[in-house]
Amino acid sequence: MNEERYFSKDGSPTTYFEDNGLSLDKQTEVLQKWNESLEDPPSLNELVSIGFPDDPAPDGRSKNGRLTKEFLSSRKIKARGSQVYVPSKKFELTEEHKQYIAENASIMRPIDIGRTMTGKPELTNLDLEVRAVRDYIEELRRSTGSFYEDRTVEEVEMWKPPTTFGKTLSKINKYIHIKIKEDKMTTAQKKCINALMGYLHSYRFIHQISNFSNEGDKTLFESSFVRYTNDKSDLTQEEVDQYIVLSVEVVLSSNILNRIERLNNMLDTTASDTEGRKISMGLVESIRHAQTEYNQSVTRQQKLLESLKEKRSQRLSKQIKENASILNLVQLWKDEESRLELLELAQKQKASIREEVRRLSSLDEVKCRIMGLTEEEAING
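So this is what it looks like as structure tokens:
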């Protein structure tokens, strides 16, 4: 380093940097900015923008950037280049934060927890606070095995479907209002019960209901499916799968309502001080998001149910038309058979009359001959 360029013999700064465009005031501002941020030093580009505020594109590689870097070097300072990686700061969670996360991780998303506990509704998934929440939930999951942990197939206790007609009937009567009496049921009802037993034995149904860890969710899912399908013996496999999806949506919407209720209770108990108001803003945002989720789930249920009803109605109408055509053909065939039988009977009657006439004719001729009359005499006298 050529210190004679920067300092005179008595140690006072020269005008080298001023002569090249970096004024004394700007030199002071650059040093102040550096000293104010020792823990997180500014980048060279930031210092260039301070030393040369009129530079439209401050860059450490430009003429102004090289002069700023030279000035810092003369003061034994090494600025960080723009290409140097700087690790992100880490948001430190307090014990209160950790307790809040543990209590609400099962009903709130990480971003909603971050917004609520910090009072910053503008936070995104990329902010340090939300990342810290997500990391802590993952830590809890590893240590306790809860909070969204996926269960393996071996860990899932498989649900057992009914194996007899009577058990299936009992399951139906458990969830419908007007009970079906086994000694008074119709043939159509028996057919529907047998069909439902088949639906409940499908792999997808057993897999789905077994993956609900909460007994209340299992019961709600099962009751929804049974109520939707117990009177439908003609469902295709595709329709059975869609009714399973519909029943899952019923469970999801129920859980969302529970979450909204808990969030509203938390909002009611939030303190009225400044910190409480910040938390309230986060809770309001979480409630708003949950209500949107609920409305979307209800809309999906309505559309899916309407689609299923329409498809089945069209299929049944087509089936009725086909059956009617077959019945008409059968009736026509029966009508033709009756017509042929009548014709045959008429032919037989006609042949019988002709034979009788011939017989009678023969008898008269015999009588006439006995009486000594010819046919012409008997007729003409």
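Going letter by letter, the sequence shown gives residues 1450 to 1830 in the working numbering.
No residue lacks a Cβ here, since even glycine has one placed at the ideal position from N, Cα and C.
Practice item. Would you check if the distance between the CB atom of Arg1749 and the CB atom of Ile1693 is smaller than 8 angstroms? Key: Position 300 of the sequence shown, counted from the first residue, corresponds to residue 1749. Position 244 of the sequence shown, counted from the first residue, corresponds to residue 1693. Not closer than 8 angstroms, so no.
Point to revise | Integer-rounded CB distance, given that Arg1761 should sit under 8 angstroms from Glu1710 | key: Position 261 of the sequence shown, counted from the first residue, corresponds to residue 1710. Position 312 of the sequence shown, counted from the first residue, corresponds to residue 1761. 35 angstroms between Cβ atoms; not a contact.
Check your understanding: Do Leu1716 and Ser1702 have their C-beta atoms within less than 8 angstroms of each other?
Key -> The count along the sequence shown starts at 1 and reaches residue 1716 at position 267. The count along the sequence shown starts at 1 and reaches residue 1702 at position 253. Cβ atoms of Leu1716 and Ser1702: not closer than 8 angstroms.
Point to revise | One or two residues paired with Pro1490 in a DSSP bridge | key: In the sequence shown, counting from the first residue as 1, residue 1490 sits at position 41. According to DSSP, which records beta bridges pairwise, Pro1490 is partnered with nothing at all.
Check your understanding: In or out: His1650 buried (at least 16 other Cβ within 10 Å) or exposed?
Key -> Here residue 1650 corresponds to residue number 201 of the sequence shown, with the count starting at 1. It is exposed - the Cβ of His1650 has fewer than 16 other Cβ atoms within 10 Å.
Exercise for review: Identify whether Pro1559 lies in helix, strand or coil by the three-state DSSP scheme.
Suggested key: Position 110 of the sequence shown, counting from 1, holds the residue named residue 1559. Looking at Pro1559 - three-state DSSP - the assignment turns out to be helix.
Practice item. State the DSSP-derived secondary structure class of Glu1467, mapped to helix, strand or coil. Key: Within the sequence shown, the letter at position 18 stands for residue 1467. In the structure shown, Glu1467 sits in a helix (DSSP, three-state: H, G or I).
Point to revise | For Ile1642 and Ile1621, believed in contact at Cβ under 8 angstroms, the rounded distance | key: Indexing the sequence shown from 1 puts residue 1621 at position 172. Indexing the sequence shown from 1 puts residue 1642 at position 193. With 8 angstroms as the limit, Ile1621 and Ile1642 qualify as a contact, their Cβ atoms being about 7 angstroms apart.
Point to revise | Beta-ladder partner(s) of Thr1456, from DSSP | key: If you number the sequence shown from 1, residue 1456 lands on position 7. Here residue 1456 is Phe; the residue named in the question, Thr, does not match the sequence. DSSP lists Pro1462 as partners of Phe1456.
Check your understanding: Since Leu1645 contacts Thr1617 with CB under 8 angstroms, what's their CB separation in whole angstroms?
Key -> What you label residue 1645 is simply residue 196 of the sequence shown in a count that begins at 1. What you label residue 1617 is simply residue 168 of the sequence shown in a count that begins at 1. Leu1645 to Thr1617, Cβ: 6 angstroms. Contact.
Exercise for review: Under the assumption that Gly1500 contacts Asn1484 (Cβ atoms under 8 angstroms), give the Cβ distance between them as a whole number of angstroms.
Suggested key: Taking the sequence shown and counting its residues from 1, one reaches residue 1500 at position 51. Taking the sequence shown and counting its residues from 1, one reaches residue 1484 at position 35. Wrong, their Cβ atoms sit about 15 angstroms apart, outside the cutoff.
Exercise for review: Check each candidate in Arg1564, Glu1544, Arg1558 and Thr1517 and name the one with the smallest Cα separation from Glu1742.
Suggested key: Counting from 1 along the sequence shown, the entry for residue 1742 is found at position 293. Answer by Cα proximity: Arg1558.
Review point. Per DSSP, what kind of secondary structure is Trp1608 in: helix, strand or coil?
Key: In the sequence shown, counting from the first residue as 1, residue 1608 sits at position 159. Three-state DSSP puts Trp1608 in coil, outside helix and strand.
Review point. In three-state terms, what does DSSP make of Asn1713?
Key: For this step, residue 1713 is matched to residue 264 along the sequence shown. Note: Asn1713 maps to helix in three-state DSSP.
Check your understanding: Alpha carbon to alpha carbon, what distance is there between Val1697 and Asn1663?
Key -> In the sequence shown, residue 1663 corresponds to position 214, counting from 1. In the sequence shown, residue 1697 corresponds to position 248, counting from 1. Those two C-alpha atoms are separated by around 13 angstroms.
Review point. Lys1525 by DSSP, collapsed to three states: which one?
Key: Locating residue 1525 in the sequence shown gives position 76, counting from the first residue. Three-state result, Lys1525: coil.
Exercise for review: Measuring alpha carbon to alpha carbon, tell me which of Ile1705, Gly1731, Phe1674 and Ser1801 ends up nearest Gln1691.
Suggested key: Working through the sequence shown from its first residue, we reach residue 1691 at position 242. The residue with the shortest Cα to Cα distance from Gln1691 is Phe1674.
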